[in-house]
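Worksheet: one structure, shown below.
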Ligand code: NA
Ligand code: NA
Ligand code: NA
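Here it is in structure tokens:
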């Protein structure tokens with residue numbers, strides 16, 4: 007009889023308090039958004055379900071929780087804390103990314119750097135709000151608008167914040183259609199939004215082959231700490247463009263990245279156990295995340311306007327907003343905002359180029375911040 | 007010269023004794039059954055070959071055996087002992103399972119619980135035969151008729167019994183066509199076997215979407231220890247029905263589950279090294295396993311008959327036998343037995359519903375037994 | 007300001023010396039050969055890119071390098087040092103290999119053994135050049151002309167030589183079309199090169215099913231240390247020929263082997279950090295590797311000629327050269343050399359049979375050397 | 022220890038009965054909740070989200086006739102959505118992407134693209150966008 | 022240590038000769054056993070398992086003509102076997118499942134299902150069971 | 022510690038400015054190098070590797086007409102290259118292999134093989150080599 011009572015006192019029904027309910031509702035909201043609104047479903051759905059699973063109350067010390075050694079969730083979560091999943095996701099991303107528009111219009115690459123200013127502004131804000139330096143670095147990277155990069159850097163600098171940082175990063179990425187357009191319209195005149203971009207030239211196969219090799223050397227020599235992200239990223243891209251290892255590239259952009267995505271999302275979600283997640287810090291992180299995204303968007307746009315002061319062939323400043331990676335959400339918003347100003351202005355391909363550059367930019371920033379703060 | 011002699015004295019030819027031969031013949035039998043009889047080939051073939059590989063005699067201390075740290079087999083076997091493979095297999099199973107018949111006829115879910123009585127009866131029998139409580143729990147779960155669940159619980163409660171329990175579970179699952187029909191015929195009248203089930207209604211997409219979320223919450227709150235199995239299971243199912251992450255669901259039900267199945271079967275087979283496998287305990291386990299399966303079948307059938315006492319719309323009691331998961335073998339036996347009584351009675355879909363329920367039921371039981379015994 | 011200076015003093019630009027440049031050029035050469043010349047691209051391309059990534063100079067102690075615990079590269083490299091990747095690659099190879107020509111002409115299997123003489127000759131040479139016994143064993147296995155086998159044995163005997171041994175093995179495998187033909191022509195008369203092989207008989211499915219079972223037992227009983235390679239190899243083959251687990255075989259020969267190949271190549275490449283790679287030992291290894299390949303080719307050819315002294319139905323001695331695995335490069339060279347002597351002489355299928363036998367032969371030798379030297 | 026003695030000593034009876042009760046009640050509750058699911062699902066039905074299904078029969082006509090300018094815009098957006106496929110791609114993969122992203126009539130859209138030459142056949146039965 | 026001295030000191034000669042002998046004898050034995058395999062395989066040939074192949078030419082006719090009732094039973098079993106495919110599925114995947122499960126004439130069975138409308142086309146060239 | 026005090030104390034200003042400078046200069050350099058890539062690529066263009074593309078229009082005719090003897094040699098080599106596919110295989114997979122291995126006109130080669138009966142249809146739309 008004591009056995010039954012003891013069992014019942016260890017059920018979730020007995021152990022649950024309001025915080026678990028709150029988190030489970032958050033998880034359900036994520037799932038709802040991913041299915042009904044189709045916001046970044048590849049990540050919001052696994053994270054949402056992970057949040058639910060991670061917030062089933064259980065008796066600690068039993069080997070069940072994600073933070074208990076020997077639990078299955080803990081082993082799967084190792085891919086997050088070690089940085090393996092982000093690296094593997096970057097391998098697959100590389101094998102998916104087409105750099106030809108970027109190679110045709112190299113100056114767009116600078117916009118991918120400009121949009122990283124949100125990172126540094128957030129770094130200052132986080133320090134000012136009283137976060138410790140490493141925590142501030144992890145929060146700042148949200149401004150890079152790149153999920154795996156954020157998770158990677160947070161795992162290295164402030165593992166206790168992986169949950170909130172990842173949730174904030176993916177939430178705001180899902181909210182790109184709501185955050186970016188007003189900022190873009192505020193900072194640009196209708197004239198500017200109408201600037202047309204020239205047709206991109208044909209890029210030779212050789213350029214495409216040389217790019218990943220040159221890219222990895224230049225970027226990783228500058229910030230060696232970005233090797234774990236940019237190494238696999240450019241490797242995946244070389245596999246894609248080489249044409250001689252199609253079966254490997256195909257597996258990298260299907261089975262490999264899918265597997266990493268499933269377990270990354272699920273365990274990051276499950277890491278948001280109510281007692282470690284529902285803290286004042288998380289509130290601060292969400293607040294700073296919103297700032298980071300907004301500043302990133304604004305700085306991309308403003309920098310494009312500054313570049314226009316010096317360029318003969320003007321850039322449409324909306325493209326600056328696509329410099330925050332958030333592939334391909336931000337490129338789409340740029341395109342749609344451009345279409346509203348001039349229904350015949352197609353900014354898609356150029357937006358994608360800025361996206362690709364933004365991915366490299368934020369991975370570089372992750373390397374830089376890691377170097378500064380470790 | 008000594009070198010050559012020493013080498014020869016370490017060959018399998020020199021080290022082999024009758025037990026290795028016995029085990030290798032067992033492995034060959036498994037392979038024969040899987041290929042010639044097509045009994046559960048996805049598991050019997052890997053297990054059978056694993057038995058052969060695991061029973062090549064070798065010099066201990068060399069780093070070759072599955073129980074020696076640093077051997078390749080040991081690393082691969084980690085997925086078994088840690089519970090990772092069963093969890094991953096459940097992820098894929100979830101992404102394969104169609105719950106719509108179960109959602110259309112919810113009362114069938116109770117048969118999935120009734121068929122778990124074999125587990126508790128076997129628990130008592132195993133204790134009575136002198137097994138220690140944790141061993142008894144591991145043996146009892148054979149009655150759940152679910153391979154990954156059995157392996158998972160045994161890895162947690164009595165890792166030294168993984169081999170015999172897994173072999174027993176899969177052997178009897180392969181023998182479903184021989185074990186179940188006589189029991190079903192014995193316990194039911196021809197009249198009962200002729201009971202027709204109503205056509206299942208159309209299930210809305212929303213019900214299918216809500217089910218995995220509600221299911222994981224209700225089940226895991228009740229038995230948090232079933233999270234490692236039911237969490238991935240319902241997650242996989244949500245990926246399947248959501249329709250927004252088809253590429254992930256597709257990978258989960260192909261590359262991911264196939265990989266886990268290959269290594270699970272192969273290493274479970276290889277873990278049956280003659281010296282740890284050929285013990286009196288294994289004999290006891292096989293004996294109890296047969297009882298477990300028979301009782302499970304009988305209790306499912308009998309419970310359905312009891313339910314019929316109270317229900318207006320009678321259930322065909324054969325369906326109770328499909329409550330032992332053993333997907334989809336038991337549903338087929340139920341269907342075929344039903345057809346013999348009435349050649350126009352189609353019980354397939356309802357049998358599958360009971361199967362799905364039986365999977366959930368035995369995972370719950372694993373969680374319950376783990377809670378009781380750890 | 008110190009921060010910026012400190013950052014700059016940790017960039018690759020600051021830390022690089024001539025050795026990094028040399029290695030990066032080597033990496034670029036590998037990539038060039040794999041893309042422009044299509045030499046073994048599935049391995050040379052990942053290795054080449056890995057060499058570049060592994061030779062980005064970085065500040066040690068930061069958790070970035072492949073030899074530092076906790077780095078992502080280190081975790082990925084674990085599959086190499088533990089022997090997991092080679093085992094998994096053999097699983098996939100087994101699921102790809104068609105043994106029917108070998109089963110039709112069993113005497114060709116002996117040529118796969120003869121071509122392993124290069125291994126033992128190299129063992130002696132390496133000892134004579136002053137290498138320690140275990141190092142000599144690792145170097146000798148290059149003569150097996152089988153990448154994963156070489157990596158596996160080196161990981162077990164002399165992990166510090168994984169880089170040079172792997173690079174040497176793959177380099178020479180890529181150079182097969184340059185190394186083998188002169189040796190073949192030197193050792194055979196035009197008459198011999200014209201010997202025709204009889205058409206291979208139809209092989210029954212049962213023979214194909216029994217072969218992997220008999221093969222694993224005979225080989226692994228003889229050299230149990232070859233279990234980690236031959237166990238998965240024959241297992242994969244049984245999955246392929248059984249026809250009852252096609253989905254597993256399909257995954258083994260696509261997603262599974264591709265994933266292992268990507269990470270194997272990439273991390274083996276990255277393990278060639280300039281400071282551990284550019285040593286006099288590496289020069290010795292490359293020198294011995296060339297000898298190993300040449301002797302292996304020659305011994306295969308010569309042994310075939312010896313066999314012809316006793317056989318009524320003569321073997322075309324060129325086939326001896328295909329006994330060095332190097333699938334399928336050496337079979338192609340044999341075929342092409344045969345065609346030059348007689349444009350209607352088709353040696354392809356027989357060459358492939360010798361290849362398959364050579365894979366088994368070198369895995370056996372790895373097991374033998376490991377037994378001798380550990 | 023053997024027999025009933027062992028069972029009693031190790032709490033066997035309690036475990037068996039409690040375990041059976043728990044799994045039975047758990048699945049009974051789940052079964053009850055499931056049987057009510059169509060009501061919960063029904064609540065959502067009334068939301069404004071429903072109209073789209075009714076639209077479906079309409080959309081074809083619309084998307085079928087849209088003028089060339091709109092078409093190119095649609096194509097541009099479409100190629101953005103499908104950028105992850107690389108080029109050339111299978112028609113089926115494109116269809117999947119569009120369907121998942123909620124495009125109104127993916128089949129017709131794709132057919133129109135092909136008829137207007139926006140989607141051009143590449144080798145091996147694959148297709149790519151007209152540059 | 023270098024040269025012959027090193028070889029002798031480290032047992033090089035023994036290792037090389039023993040190693041060569043072992044691998045040579047190993048593969049020679051394997052080669053011999055393989056050459057006898059067709060005899061072993063022949064032993065199995067006499068078993069009653071053989072008839073099926075002869076049946077094959079017969080089955081088509083049978084399965085082709087089976088009356089509608091039988092057909093539906095076959096379809097029901099068939100859909101059970103193929104449940105793991107989900108719906109809709111590719112015809113080829115269904116074929117594979119049936120073949121692996123040992124169905125007598127999978128091709129004809131499937132064709133019959135299609136002709137009788139038991140297997141109905143879904144989008145994208147996929148098929149599903151008629152409900 | 023909060024506000025500007027915290028920023029100064031933890032080197033915030035330096036980190037932000039240095040970080041911004043580094044990423045900006047890094048991508049600017051990369052952007053510059055990329056803009057010069059077509060020149061570097063141009064250097065390689067002059068190599069003898071180029072001719073093949075011009076050959077392409079020619080090869081078909083040649084490979085189309087080759088006499089049966091040559092054809093069988095080609096088939097033999099071809100089946101060697103494609104050995105990893107096993108049998109039967111998909112035509113598309115064969116095409117991929119040949120293309121990757123640098124065969125001159127894989128499409129035509131395969132078509133010729135089929136016309137001459139060297140490549141024979143197997144079940145399920147797969148093909149195998151004529152034995
Ligand atoms: Na970014
Ligand atoms: Na069950
Ligand atoms: Na070899």
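Residue numbers (the working numbering), protein chains in the order written: chain U, 7 to 380; chain S, 7 to 380; chain E, 7 to 380; chain H, 22 to 152; chain Z, 22 to 152; chain C, 22 to 152.
Glycine included, every Cβ here is placed at the ideal spot set by N, Cα and C.
Short CB-CB distance (under 8 Å) between residue 21/S and chain Z | By one-based count along the second chain, residue 21/S stands at place 15. No, no contact with chain Z.
Could you check if residue 20/U is buried or exposed, using at least 16 other CB atoms within 10 Å of its CB as the buried criterion?
-> Sequence index remark: in the first chain, residue 20/U carries index 14 (1-based). With fewer than 16 Cβ atoms within 10 Å of its Cβ, residue 20/U is classed as exposed.
Proximity to residue 223/U [Cα-Cα], best of 8/E, 354/E and 29/E | Within the first chain, the letter at position 217 stands for residue 223/U. Of the candidates 8/E, 354/E and 29/E, the one whose C-alpha sits nearest the C-alpha of residue 223/U is 29/E.
Where residue 105/S sits in the DSSP three-state scheme | Taking the first residue of the second chain as position 1, residue 105/S is located at position 99. Coil.
May I have the straight-line CA-CA distance separating residue 13/U from residue 154/S, to the nearest angstrom?
-> Against the first chain, residue 13/U aligns to sequence position 7. Against the second chain, residue 154/S aligns to sequence position 148. Residue 13/U and residue 154/S: Cα-Cα distance of roughly 24 Å.
Along chain U, in chain order, which residues have C-beta atoms closer than 8 Å to that of residue 59/E?
-> Position 53 of the third chain holds residue 59/E. Going along chain U in sequence order, the residues near residue 59/E (Cβ under 8 Å) are 222, 226, 233, 237 and 241.
Mind checking residue 58/S: buried by the 16 CB within 10 Å criterion, or exposed?
-> As a working mapping, residue 58/S is identified with position 52 in the second chain. Classification of residue 58/S: buried, given that the 10 Å Cβ count is 16 or more.
Return the CA-CA distance between residue 358/S and residue 140/E, expressed in angstroms with no decimal places.
-> Taking the second chain and counting its residues from 1, one reaches residue 358/S at position 352. Taking the third chain and counting its residues from 1, one reaches residue 140/E at position 134. Approximately 58 Å between the Cα atoms of the pair.
Limits of the unbroken alpha helix (DSSP H) element including residue 59/U = On the first chain, position 53 is the one that residue 59/U refers to. Residue 59/U -> alpha helix (DSSP H) spans 47-60.
At 8 Å on the CB atoms, spell out the chain S contacts of residue 267/U, in chain order.
-> Here residue 267/U refers to the residue found at position 261 of the first chain. In chain order: 254.
Round the Cβ separation of residue 120/E and residue 309/E to the nearest angstrom and send it over; I've been treating them as touching at under 8 Å.
-> Position 114 of the third chain holds residue 120/E. Position 303 of the third chain holds residue 309/E. Sure, about 3 Å apart at Cβ, within 8 Å.
In three-state terms, what does DSSP make of residue 134/Z?
-> Residue numbering aside, residue 134/Z sits at position 113 when the fifth chain is read from its first letter. Helix at residue 134/Z.
Between 136/S, 109/S, 101/S and 24/S, which lies nearest to residue 286/S when the distance is taken from Cα to Cα?
-> Taking the second chain and counting its residues from 1, one reaches residue 286/S at position 280. Of the candidates 136/S, 109/S, 101/S and 24/S, the one whose C-alpha sits nearest the C-alpha of residue 286/S is 136/S.
Output the boundary residues of the alpha helix (DSSP H) element that contains residue 177/S.
-> Within the second chain, the letter at position 171 stands for residue 177/S. Segment 168-180, the alpha helix (DSSP H) holding residue 177/S.
Residue 149/Z lies in the beta strand (DSSP E); which residues open and close that run?
-> Taking the first residue of the fifth chain as position 1, residue 149/Z is located at position 128. 148-150 is the extent of the beta strand (DSSP E) around residue 149/Z.
Which residue or residues does DSSP assign as beta-bridge partners of residue 141/C?
-> As a position in the sixth chain, residue 141/C is number 120, starting the count at 1. Answer is 149/C.
Quick one: Cα of residue 68/H to Cα of residue 78/E, how far?
-> Taking the fourth chain and counting its residues from 1, the one referred to as residue 68/H is at position 47. Taking the third chain and counting its residues from 1, the one referred to as residue 78/E is at position 72. Because the pLDDT of residue 68/H is 47, which lies under 50, any placement of that residue in the model is unreliable, and the number read from its coordinates should be weighed accordingly. Whole-angstrom Cα-Cα distance: 48 Å.
Please work out which residues of its chain come closer than 8 Å, Cβ to Cβ, to residue 84/U, disregarding the five sequence neighbours upstream and downstream, and give them in chain order.
-> Within the first chain, numbered from 1, the residue matching residue 84/U stands at position 78. So the list reads 90, once near-sequence residues are dropped.
Whole-angstrom distance between residue 337/S and residue 71/E, CA atom to CA atom | Here residue 71/E refers to the residue found at position 65 of the third chain. Here residue 337/S refers to the residue found at position 331 of the second chain. Approximately 54 Å between the Cα atoms of the pair.
Length-filtered (4 minimum) alpha helix (DSSP H) runs lying within the region 71-129 of chain U = 78-87, 90-102, 106-110 and 114-120
Distance cut-off 7 Å: residue 152/E Cβ against heavy atoms of ligand 3 = Taking the first residue of the third chain as 1, we reach residue 152/E at position 146. Yes; taking the cut-off as 7 Å, the Cβ of residue 152/E has a heavy atom of ligand 3 nearer than that.
Check whether the Cβ atoms of residue 56/C and residue 112/U sit closer than 8 Å, and answer yes or no.
-> As a position in the sixth chain, residue 56/C is number 35, starting the count at 1. As a position in the first chain, residue 112/U is number 106, starting the count at 1. The answer is yes: Cβ separation under 8 Å.
Flag residue 108/Z as yes if its beta-carbon sits less than 8 Å from any beta-carbon of chain E, otherwise no.
-> Sequence index remark: in the fifth chain, residue 108/Z carries index 87 (1-based). Not an interface residue.
Could you name the residues that DSSP lists as bridge partners for residue 110/H?
-> Within the fourth chain, residue 110/H is the residue found at index 89, counting from 1. For residue 110/H, which the question treats as bridged, DSSP gives the partners 148/H.
Which residues, in chain order, does the region 356-372 of chain E contribute to contact with chain Z at a C-beta distance below 8 Å?
-> 363, 366, 367, 370 and 371
Hey, residue 257/U and residue 264/E are a contact pair by Cβ (cut 8 Å); roughly how many whole angstroms apart?
-> Locating residue 257/U in the first chain gives position 251, counting from the first residue. Locating residue 264/E in the third chain gives position 258, counting from the first residue. With 8 Å as the limit, residue 257/U and residue 264/E qualify as a contact, their Cβ atoms being about 4 Å apart.
Taking 7 Å as the line, does the beta carbon of residue 364/S fall inside it for any heavy atom of ligand 2?
-> By one-based count along the second chain, residue 364/S stands at place 358. Because some heavy atom of ligand 2 lies under 7 Å away, the Cβ of residue 364/S counts as near it: yes.
For residue 157/S, count neighbouring Cβ atoms within 10 angstroms of its own Cβ and tell me buried if that reaches 16, exposed if not.
-> The residue given as residue 157/S occupies position 151 in the second chain. By the 10 Å Cβ count, residue 157/S comes out buried.
Does ligand 4 have even one heavy atom less than 7 Å from the beta-carbon of residue 336/E?
-> Summarising the ligand content, the structure contains ligand 1, ligand 2 and ligand 3 and does not contain ligand 4.
Grab me the residues of residue 241/U's own chain with a C-beta within less than 8 Å of its C-beta, minus the 5 sequence neighbours each way, in chain order.
-> Translated into positions along the first chain, residue 241/U becomes position 235. Once the five neighbours on either side are set aside, the close Cβ partners of residue 241/U are 97, 100, 218 and 222.
Using a beta-carbon distance below 8 Å, is residue 49/H in contact with chain U?
-> Along the fourth chain, read from residue 1 onward, the residue named residue 49/H stands at position 28. Closer than 8 Å: no.
Anything in chain U within Cβ reach of residue 248/S, meaning under 9 Å, just list it in chain order.
-> Position 242 of the second chain, counting from 1, holds the residue named residue 248/S. The answer, in chain order, is 37, 40, 41, 47 and 51.
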